[in-house]
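Undergrad:
Protein chains: 2
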Amino acid sequence: MADPDTHGAGPNGGAGTSDRELFSEERSAEVVAQSFAGTPDPRLRQVMTSLVRHLHAFVKDVELTEEEWGFAIDFLTRTGHMSDDLRQEFILLSDVLGVSMLVETINHRTGGTSTESTVLGPFHMVESPVRELGADIALDGKGTPCLVSGRVTGPDGEPLAGATVDVWQTNEDGFYDVQQPGIQPPGNLRGLFTADDDGRFWFRSVVPRFYPIPDDGPVGQLLAATGRHPNRPAHLHFIAAAPGYRPVTTHVFVADSPYLDSDAVFGVKESLVRDVPEVDDPARAAEVGLANPFRTLTFDLSLLRA
Amino acid sequence: MADPDTHGAGPNGGAGTSDRELFSEERSAEVVAQSFAGTPDPRLRQVMTSLVRHLHAFVKDVELTEEEWGFAIDFLTRTGHMSDDLRQEFILLSDVLGVSMLVETINHRTGGTSTESTVLGPFHMVESPVRELGADIALDGKGTPCLVSGRVTGPDGEPLAGATVDVWQTNEDGFYDVQQPGIQPPGNLRGLFTADDDGRFWFRSVVPRFYPIPDDGPVGQLLAATGRHPNRPAHLHFIAAAPGYRPVTTHVFVADSPYLDSDAVFGVKESLVRDVPEVDDPARAAEVGLANPFRTLTFDLSLLRA
Ligand SMILES: [Cu+2]
Ligand SMILES: [Fe+3]
Ligand SMILES: [Fe+3]
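Chains X and F are the protein sequences, given in the same order. Here our numbering runs 32 ahead of the position in the first sequence, where the first position is 1. Here our numbering runs 32 ahead of the position in the second sequence, where the first position is 1.
Written out as structure tokens, the structure is:
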């Protein structure tokens, strides 16, 4: 086991044949970090130095065998070969190791004062069609009807009139429109809304379903070998934005979805989970333009000032 | 900066909506490590848990930006696309980060009692031709003549009669035969020798030269961006083996070579560096069958019992 202290620079010991220290197991991280000491860009130097320290500490902690190292080289190569313009297997790898969520979270700290962010995901590949408040985004009329509504405010609760709310979600079978061309109409279950003078938005939709991330590549093999499932719990994607405020990219998660506590990409934050209760009220159903009974989801968004 | 303590499992705090803890910046490594808790193979579980801890600690230490994360995804993808049966860019990446040497060293600890190992390298791709002791492996007769000799022994100094000594090296221009088909004859500067009854071997060759690792890919770009050169100091590769003993894969490095203290792949160990002095003695030159003056390199190898 490597001592955590080896993550820092130790005393500059070691006998080399010259001014530069030669490689040794004990001081491997320091020796390699030293090779990056001449990096012109200080940020790149910092990143490479830290990467080397943690990578060497990992190899030492587990005493990686040559066979395991060879497997890792092959795994990374296959992950690269699986990646192209349509499929990004290294992003999937980053996702299932929680690195994507960590980077997202570090770069969008809210201090608990605004809506938390989560990963963008790969399905915002088409522009959401502009729609009127109240529109039904379930263009194919399939699924369990759901009224989605909320309010976009600033840090002091001030309504953000004219805020844009970009939404996309799966259908009841767990597929986005772009995954089912010819089955779902283009733009199905997507919409770009503009909040009213009180910052409010509302639209008609259906309840989304959990779905698996692509698991026919090396990342799927990793999940299978480690006893993990590839599923993400049911969610609606949101991007809320208003001039003078910081936009937020997030999801709202359906509280009774399977996999809520085991999202394959670790996207769930407690503040983003909402109950989606059923309303059995024919008069109200007629009023909002949905079949009775229907479900309701309320998601208010709070933005920080830019 | 992440505290080194975060590399270990902290107390199981955090409020989830269920039994499984949800993601948070503070406990990201623990939450993701927990997702691997059901891995059937205990070794894979250990490796993934450690990898997650060090990877998350790295991201937190440097507070990796989204732009840097995106660059890393693209870098890894290009590294994968550069790799095929002939070129392995991920091995090069492992090499220049000192990971290959670390894995090699961890898996071939000698305790200082036998010849140290170093990386195999990519140029042992053809079988070395069987040659008689004393043979000249410089088939093209070019370069500065050099007499190479040594003795293979066991841990108590016992001579290993019949030990095999597999050797390959560059020519005076820094190229292996396989890199210059049509210029160098096949098998140039390679030989598989059998030690005599006293464990001794000797052959005629030329002094090798330093050479760059392939630097026209992403790894070369990394070296350039960090102010590192791609060169390896001049060396001869050796694999020595004898029945009942552990074979050793190593190099001997030429003491006055450029880059001796800055090998791009960190292969140099002090115990593997040898002076290659010039001998100006026409009688001795005639005796060994080399032009006068010539240089001499002595490298004794000590193997551990299997
Ligand atoms: Cu670490
Ligand atoms: Fe999604
Ligand atoms: Fe070499």
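Just so it is clear, CB atoms sit at the ideal spot from N, CA and C, and this is done for glycine as well.
Compare the C-beta of Ala-257 (chain X) with all C-beta atoms of chain F and state if any pair is closer than 8 Å.
TA: Along the first sequence, read from residue 1 onward, the residue named residue 257 (chain X) stands at position 225. It does: the Cβ of Ala-257 (chain X) has a partner Cβ on chain F nearer than 8 Å.
Undergrad: Which residues in chain F have a C-beta closer than 8 Å to the C-beta of Leu-129 (chain X)? List them in chain order.
TA: The residue labelled residue 129 (chain X) in the question sits at position 97 within the first sequence. Those are Val-64, Leu-83, Val-84 and Leu-87, listed as they occur along chain F.
Undergrad: Might you give, ordered along the chain, the residues of its own chain that have their beta carbon closer than 6 Å to the beta carbon of Val-63 (chain F), omitting 5 neighbours on each side?
TA: Residue numbering aside, residue 63 (chain F) sits at position 31 when the second sequence is read from its first letter. Correct list, in chain order: Glu-53 and Phe-55.
Undergrad: Is it right to say Leu-118 (chain X) is buried, meaning 16 or more other beta carbons lie within 10 angstroms of its own, or is it exposed?
TA: On the first sequence, position 86 is the one that residue 118 (chain X) refers to. Exposed, by the Cβ-count rule.
Undergrad: Anything in chain F within Cβ reach of Met-133 (chain X), meaning under 8 Å, just list it in chain order.
TA: Reading the first sequence from its first residue, position 101 is the one you call residue 133 (chain X). Within 8 Å Cβ-Cβ: Phe-55 and Ser-60.
Undergrad: For Gly-276 (chain X), collect the residues of the same chain with a Cβ closer than 8 Å to its Cβ; drop the 5 residues on either side in sequence, then sort them by chain order.
TA: For the purposes of this step, residue 276 (chain X) is identified with residue 244 of the first sequence, where counting begins at 1. These residues qualify, in order along the chain: Arg-337 and Ala-338.
Undergrad: Please confirm whether Arg-77 (chain X) and Thr-176 (chain X) have their CB atoms less than 8 Å apart.
TA: Within the first sequence, the letter at position 45 stands for residue 77 (chain X). Within the first sequence, the letter at position 144 stands for residue 176 (chain X). No, they are not a contact pair.
Undergrad: Please check if any C-beta of chain X sits within less than 8 Å of the C-beta of Asp-168 (chain F).
TA: Within the second sequence, numbered from 1, the residue matching residue 168 (chain F) stands at position 136. No - not a single Cβ of chain X is within 8 Å of the one on Asp-168 (chain F).
Undergrad: When the cut-off is 8 Å and only beta carbons count, does Val-91 (chain F) lie next to chain X?
TA: Mapped onto the second sequence, residue 91 (chain F) falls at position 59. True, the Cβ-Cβ gap to chain X drops below 8 Å.
Undergrad: Within 10 angstroms of the Cβ of Thr-38 (chain X), are there 16 or more other Cβ atoms? Answer buried if so, exposed if not.
TA: Numbered from its first residue, the first sequence carries residue 38 (chain X) at position 6. Residue placement at Thr-38 (chain X) cannot be trusted, given a pLDDT of 43 that sits under 50; what the coordinates show is reported in the next sentence. Burial call: buried.
Undergrad: Taking Cβ to Cβ, would you say Val-94 (chain F) is nearer than 8 Å to Leu-134 (chain X)?
TA: Numbered from 1 along the second sequence, position 62 holds the residue referred to as residue 94 (chain F). Numbered from 1 along the first sequence, position 102 holds the residue referred to as residue 134 (chain X). Against a cut-off of 8 Å, the Cβ pair of Leu-134 (chain X) and Val-94 (chain F) comes out as no contact.
Undergrad: Which term fits Gly-321 (chain F), buried or exposed, when burial requires 16 or more other beta carbons within 10 angstroms of its beta carbon?
TA: Counting from one through the second sequence, the residue named residue 321 (chain F) turns up at place 289. Gly-321 (chain F) should be labelled exposed.
Undergrad: Using DSSP with H/G/I as helix, E/B as strand and the rest coil, what is Asp-198 (chain F)?
TA: Here residue 198 (chain F) corresponds to residue number 166 of the second sequence, with the count starting at 1. It is a strand residue.
Undergrad: Between the C-alpha atoms of Ala-318 (chain X) and Ser-289 (chain X), what's the straight-line distance to the nearest angstrom?
TA: Position 286 of the first sequence, counted from the start, is the residue given in the question as residue 318 (chain X). Position 257 of the first sequence, counted from the start, is the residue given in the question as residue 289 (chain X). C-alpha separation (whole angstroms): 27 Å.
Undergrad: Between the region 191-210 of chain X and chain F, which residues of the former have a C-beta closer than 9 Å to a C-beta of the latter?
TA: Listed by position along the chain: nothing, the set is empty.
Undergrad: On a Cα-Cα basis, can you pick out the residue from X:Val-79, X:Ile-123, X:Pro-72 and X:Cys-178 that is closest to Pro-246 (chain X)?
TA: In the first sequence, the residue the question calls residue 246 (chain X) occupies position 214. Residue X:Ile-123 is the option with its Cα nearest to Pro-246 (chain X).
Undergrad: Is the number of C-beta pairs between the region 248-258 of chain F and the region 307-316 of chain F that are closer than 8 Å three or more?
TA: No, they do not touch.
Undergrad: Do Pro-314 (chain X) and Asp-295 (chain X) have their CB atoms nearer than 8 Å?
TA: Position 282 of the first sequence holds residue 314 (chain X). Position 263 of the first sequence holds residue 295 (chain X). Going by C-beta atoms, Pro-314 (chain X) is not nearer than 8 Å to Asp-295 (chain X).
Undergrad: Would the beta-carbon of Ala-89 (chain X) be found less than 7 Å away from any heavy atom of ligand 1?
TA: Locating residue 89 (chain X) in the first sequence gives position 57, where the first residue counts as 1. For ligand 1, at least one heavy atom lies less than 7 Å from the Cβ of Ala-89 (chain X).
Undergrad: Name the chain X residues that come within less than 9 Å of Gln-120 (chain F), Cβ to Cβ?
TA: The count along the second sequence starts at 1 and reaches residue 120 (chain F) at position 88. Neighbours of Gln-120 (chain F) on chain X, chain order: Ile-105 and Thr-109.
Undergrad: Does the structure place the region 220-238 of chain F close enough to the region 161-177 of chain F that three or more beta carbon pairs sit under 8 Å?
TA: Flag = yes, the region 161-177 of chain F and the region 220-238 of chain F touch.
Undergrad: Please identify the residue among F:Asp-248, F:Val-210 and F:Asn-263 whose C-alpha is closest to the C-alpha of Arg-110 (chain F).
TA: For the purposes of this step, residue 110 (chain F) is identified with residue 78 of the second sequence, where counting begins at 1. It is F:Asp-248.
Undergrad: Where does Ala-272 (chain F) fall in DSSP's three states?
TA: If you number the second sequence from 1, residue 272 (chain F) lands on position 240. Here Ala-272 (chain F) sits in strand by DSSP.
Undergrad: Could you give the DSSP three-state label for Glu-100 (chain F): helix, strand or coil?
TA: Residue mapping note: residue 100 (chain F) aligns to position 68 of the second sequence, counting from 1. The answer is helix: DSSP assigns Glu-100 (chain F) an H, G or I state.
Undergrad: Which residues in chain F have a C-beta closer than 7 Å to the C-beta of Asn-263 (chain X)? List them in chain order.
TA: Here residue 263 (chain X) corresponds to residue number 231 of the first sequence, with the count starting at 1. Simply none; closest approach about 12 Å.
Undergrad: Which stretch, first to last residue, makes up the beta strand (DSSP E) that contains Val-238 (chain X)?
TA: The sequence position of residue 238 (chain X) within the first sequence is 206, counting from 1. Per DSSP, Val-238 (chain X) belongs to the beta strand (DSSP E) from 232-238.
Undergrad: So His-156 (chain X) and Trp-200 (chain X) are supposed to be a Cβ contact under 8 Å. How far apart are they, rounded?
TA: The residue labelled residue 156 (chain X) in the question sits at position 124 within the first sequence. The residue labelled residue 200 (chain X) in the question sits at position 168 within the first sequence. The Cβ separation is near 6 Å, so the contact holds.
Undergrad: Within a Cβ cutoff of 6 Å, which residues of the same chain sit near Asp-198 (chain F), ignoring the five residues on either side of it in sequence?
TA: Counting from one through the second sequence, the residue named residue 198 (chain F) turns up at place 166. Hits under 6 Å: Ser-160, Leu-224 and Ile-271.
Undergrad: Is the beta carbon of Leu-333 (chain F) sitting closer than 8 Å to the one on Leu-87 (chain X)?
TA: Position 301 of the second sequence, counted from the start, is the residue given in the question as residue 333 (chain F). Position 55 of the first sequence, counted from the start, is the residue given in the question as residue 87 (chain X). Taking 8 Å as the Cβ cut-off, Leu-333 (chain F) and Leu-87 (chain X) do not qualify as a contacting pair.
Undergrad: For Ser-67 (chain F), return the contacting residues in chain X, with the cut-off set at a CB-CB distance below 9 Å.
TA: Translated into positions along the second sequence, residue 67 (chain F) becomes position 35. The contacting residues are Val-128, Gly-130, Thr-258, Arg-260, Ser-294, Ala-296 and Phe-298.
Undergrad: Can you list, in chain order, the residues of its chain with a C-beta nearer than 8 Å to that of Arg-183 (chain X)? Leave out the 5 residues immediately preceding and following it.
TA: In the first sequence, residue 183 (chain X) corresponds to position 151, counting from 1. Hits under 8 Å: Pro-191, Ala-227, Asp-230, Gly-231, Arg-232, Phe-233, Asp-332 and Leu-333.
Undergrad: Any idea what DSSP makes of Arg-306 (chain F), helix, strand or coil?
TA: For the purposes of this step, residue 306 (chain F) is taken as the residue at position 274 of the second sequence. Arg-306 (chain F): strand per DSSP, three-state reduction.
Undergrad: Following a CB-centred definition, is His-267 (chain X) positioned closer than 7 Å to any heavy atom of ligand 2?
TA: If you number the first sequence from 1, residue 267 (chain X) lands on position 235. Yes; taking the cut-off as 7 Å, the Cβ of His-267 (chain X) has a heavy atom of ligand 2 nearer than that.
Undergrad: In whole angstroms, what is the alpha-carbon distance linking Pro-279 (chain F) and Asp-293 (chain F)?
TA: Walking along the second sequence from the start, residue 279 (chain F) turns up at place 247. Walking along the second sequence from the start, residue 293 (chain F) turns up at place 261. Approximately 26 Å, taken between the alpha carbons.
Undergrad: Using only the alpha-carbon positions, how far apart do Thr-281 (chain X) and Gly-214 (chain X) sit?
TA: Here residue 281 (chain X) corresponds to residue number 249 of the first sequence, with the count starting at 1. Here residue 214 (chain X) corresponds to residue number 182 of the first sequence, with the count starting at 1. Rounded to whole angstroms, Thr-281 (chain X) to Gly-214 (chain X) spans 29 Å at the Cα level.
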